[in-house]
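Protein sequence lines correspond, in order, to chains A and B. Under the numbering used here, the first residue of the first sequence is numbered 269, with each subsequent residue one higher. Under the numbering used here, the first residue of the second sequence is numbered 269, with each subsequent residue one higher. By construction, the Cβ of each residue, glycine as well, lies at the ideal position given by its N, Cα and C atoms. These numbers were taken from a predicted model, which means no experiment stands behind them.
Protein chains: 2
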Amino acid sequence: MEQLTILIVDDMEAHRRRLARIIGELPHLSIVGEAQSGKEAVALAVEEEPDIILMDIEMEDKMAGIRAASEINFSSPESKIIILTIHKDNDSIFSAYQTNIADYVIKSASKEEIIEAIENAASNTSPIRPFVASKLREEFARVKKFEENFTHIFQVIATLTPSEVEILKSLCQGLTRKQIAAERSVELETIKKQISSILKKFDKRNTKEVIRIINDHDLFTMINKIQF
Amino acid sequence: MEQLTILIVDDMEAHRRRLARIIGELPHLSIVGEAQSGKEAVALAVEEEPDIILMDIEMEDKMAGIRAASEINFSSPESKIIILTIHKDNDSIFSAYQTNIADYVIKSASKEEIIEAIENAASNTSPIRPFVASKLREEFARVKKFEENFTHIFQVIATLTPSEVEILKSLCQGLTRKQIAAERSVELETIKKQISSILKKFDKRNTKEVIRIINDHDLFTMINKIQF
DNA sequence: GAAAAAGGGGTATAAAACTTCCCCCTTATT
DNA sequence: AATAAGGGGGAAGTTTTATACCCCTTTTTC
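See the structure below:
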């Protein structure tokens with residue numbers, strides 16, 4: 269079996285020791301460095317050019333490991349990065365998979381799983397693990413759909429007037445015409461008129477359809493940020 | 269081991285026979301139907317409610333299997349779909365992963381791999397296979413980046429006035445201020461003023477930067493379609 | 001180095017758009 | 001029956017926009 273050099277990146281001594289013990293048992297794996305921060309990791313990666321980097325995410329800050337991975341992809345593209353973390357939340361996973369990582373493994377994984385991850389990474393045969401796959405599939409579908417459908421919606425929203433945008437925000441929050449009128453301190457008739465204009469621009473016959481296409485594409489957050 | 273019902277969908281007799289042979293060897297797997305088209309597949313899925321559907325992609329047309337999978341997700345959401353195809357091109361894979369499939373397996377896979385795919389799908393533990401993972405990682409990063417950058421640019425473009433949009437279109441075509449003034453039959457000073465306003469909204473110091481971010485995200489076509 | 005283009009700031013005015021309100025009405029929804 | 005949703009016409013006042021002119025500096029181009 270091919271000789272592999274490994275860099276361990278984790279800010280906790282105990283975690284580094286556990287990994288060192290696991291790797292130490294295998295003669296074809298050798299640790300060429302240990303880093304306690306993202307910064308150190310980037311420097312050591314350039315210096316040692318390891319085959320594999322085992323990278324924790326949360327160090328100096330919540331995403332230090334992801335940023336380090338991203339920098340290493342640029343400065344030391346030959347090193348394969350395995351994210352080895354306790355975090356299995358969507359944010360961590362999606363951020364990680366936006367950089368070119370080989371694998372994403374939970375720290376509680378068995379010795380065998382960690383070694384398998386290293387071997388797979390080295391031979392470019394890392395699958396995406398089941399617990400990641402389901403989340404990634406969903407998110408992938410969402411962003412792909414977003415990309416495909418945004419063009420039309422974009423054109424419509426570009427033509428909305430400032431107060432129409434504000435009313436649209438309120439509609440997305442589920443407010444009725446009456447509530448929106450109260451909120452904006454204007455007559456109900458005014459709101460009715462403007463919603464009518466919004467529907468025309470979207471070419472829809474009722475507000476439900478408009479809200480649906482906005483929710484379907486997760487555009488609410490985006491619309492909510494529009495400020496005139 | 270739990271009893272699993274399986275639906276085979278493929279327009280080629282020989283392929284269906286091979287799968288039937290593989291499945292027939294295992295007592296806990298039973299074939300409850302065979303379909304030769306996407307349409308048949310949807311009907312049989314509703315009728316038989318199979319645990320697993322082995323689905324070919326290219327049947328009536330190039331993407332019949334993907335469409336069928338999408339419909340089955342809606343009408344028979346309990347059935348797990350395994351795409352089993354000869355196509356490993358990006359289009360097929362990305363389309364497949366936009367619908368909720370359990371796995372994507374190449375037809376030349378060994379008997380063992382196919383059975384493993386079925387077992388994993390049944391127990392909700394399908395990883396994304398290495399040959400798919402690398403492509404999916406790349407595409408995921410691309411569309412995620414698109415979505416992130418789009419949000420900011422979107423907010424800016426939503427605040428542009430009609431004539432600012434027109435001038436932006438001209439700028440993207442590489443026209444100078446003088447040319448745009450001539451094109452719109454207005455004074456040069458007017459255009460200078462409006463471009464100044466555009467730069468402020470984009471928070472950029474020159475038009476090159478604005479054009480660059482528009483081109484970087486392939487937004488020109490989209491902006492060009494905006495009509496007030 | 002001169003000329004042209006790009007970019008920033010101020011001011012002003014007519015036209016356009018927006019906001020608001022009123023009236024009327026029909027159709028869903030409850 | 002009552003309320004909400006949706007469509008259409010009209011009209012007032014206000015705000016923005018589009019346009020133009022002035023001034024200036026910096027950058028690019030020839």
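- Segment contact: the stretch 283-301 of chain A against the stretch 313-321 of chain A, three or more CB-CB distances shorter than 8 Å; contact assigned.
- Counting every other CB atom within 10 Å of its CB across the protein chains shown gives A/Ser391 a total below 16, marking it as exposed.
- By the Cβ neighbour-count rule, B/Gln441 is exposed, with fewer than 16 other Cβ atoms within 10 Å of its own.
- DSSP places A/Lys472 in no alpha helix (DSSP H); its state is neither H nor E.
- Runs of the alpha helix (DSSP H) spanning 4 or more residues and lying entirely within the stretch 307-386 of chain B occur at 332-343, 358-364, in chain order.
- Here A/Leu275 has Ile299, Val300, Gly301, Glu302, Ala303, Ala309, Leu312, Ala313, Glu316, Pro318, Ile320, Ile321, Leu322, Ser347 as same chain residues with Cβ atoms under 8 Å from its own Cβ, once five neighbours each way along the sequence are excluded.
- Around the beta carbon of B/Met280, fewer than 16 other beta carbons sit within 10 angstroms, so the residue counts as exposed.
- Separation of the CB atoms of B/Ile369 and B/Ile354 is rounded to 16 Å, and the pair is thereby denied contact status at 8 Å.
- Burial check for B/Lys412: the Cβ neighbour count within 10 Å reaches 16 or more, so the residue is buried.
- Membership of A/Leu404 in the alpha helix (DSSP H) is indicated by the continuous run 398-426.
- In the same chain as B/Lys356, and ignoring 5 residues on each side of it, the C-beta atoms closer than 7 Å to its own belong to Ile374, Phe399, in chain order.
- Beta bridge pairing from DSSP links A/Leu272 with A/Leu297.
- Apart from the 5 residues on each side of it in sequence, A/Gln462 sits with its Cβ closer than 7 Å to the Cβ of Ser431, Glu432, Ile435 in its chain, given in chain order.
- In the three-state scheme derived from DSSP, where H, G and I count as helix and E and B as strand, A/Glu455 is classed as coil.
- Per DSSP, A/Glu281 has no beta bridge partner at all.
- At the C-beta level, B/Val277 and B/Asp324 come within 8 Å of one another.
- By the Cβ-count criterion, A/Asp484 is exposed, with fewer than 16 other Cβ atoms from all chains shown falling within 10 Å of its own Cβ.
- Contacts with chain A (Cβ-Cβ distance below 9 Å) from the stretch 411-434 of chain B involve Val411, Lys412, Lys413, Phe414, Glu415, Glu416, Phe418, Thr419, His420, Phe422, Gln423, Ile425, Ala426, Thr427, Leu428, Pro430, Val433, listed in chain order.
- Cα atoms of B/Met327 and A/Ile421: separation of roughly 33 Å, rounded to the nearest angstrom.
- Listed as beta-bridge partners of B/Ala303 by DSSP are B/Val277.
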